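One structure below.
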Amino acid sequence: MPRRSPRRDRGVFFLDVLAAVFVLALGAAAFYSLYPVLDRSEKIAHEHSVASQLASKMSEHLQLLKPSDLNAETLSGLHLIDDGQYGQPFSFTNIPMDDASLYSPATMLKDGEGTLTISDIAAGSKKVLITISWTSTSGKSQTFTTGTIVGGYK
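As structure tokens, this is what we get:
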């Protein structure tokens with residue numbers, strides 16, 4: 107059996123190392139190209155989570171009221187909507203959801219706004235739609251809407 111020269115073995119080894127480095131570089135480039143996508147996804151998820159928490163907190167506050175209390179005067183007196191409102195939709199953009207953290211749509215989200223739309227339904231109950239809107243980090247308008255029913259109708 108003919109024997110290869112050591113010089114030729116070095117050339118084959120060099121080509122193997124070169125191919126391995128190329129494959130590793132391709133893998134690293136693919137892996138690191140995902141970082142911006144993952145970062146943007148994390149920011150979007152965080153914004154939606156904040157909007158959900160704000161809407162949930164407002165829903166909890168409203169559930170403590172009677173349907174007859176869902177008017178501009180009472181909601182403003184309880185500091186659940188911004189002052190100086192007389193018609194719907196009611197804004198709670200600058201209203202902190204709790205006194206300790208000042209957790210409001212305007213402070214927690216870029217261009218954050220919160221609105222309440224109240225409508226009558228059967229059995230003296232009221233349906234409340236809670237909408238949080240903001241501008242995402244990518245510059246797109248985003249909205250989160252949820253609702254609750256206040257009163258005996260369930």
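Positions 107 to 260 (the working numbering) are the ones given, in order, by the sequence shown. Where is the CB? At the ideal position from N, CA and C, for every residue including glycine. If you're wondering where the values come from, they're calculated on a predicted model, not measured in any experiment.
- Distances from the CA of V156 to each of K216, R146, I255 were compared; the closest alpha carbon is that of K216.
- By DSSP's assignment, D226 forms a beta bridge with K232.
- The beta strand (DSSP E) runs lying completely inside the stretch 135–208 and spanning 3 residues or more number zero.
- Contact between the stretch 207–216 and the stretch 175–192 is absent: fewer than three C-beta pairs spanning the two stretches fall below 8 Å.
- Residues L160, F198, T199, N200, I201, P202, M203, G218, G220 of the same chain have their beta carbon placed closer than 8 Å to that of S210, with the five preceding and five following residues left out of the count.
- Of A135, K172, K149, T254, the smallest CA-CA separation from S244 is found for K149.
- Going by beta carbons, P173 and G253 fall outside the 7 Å limit.
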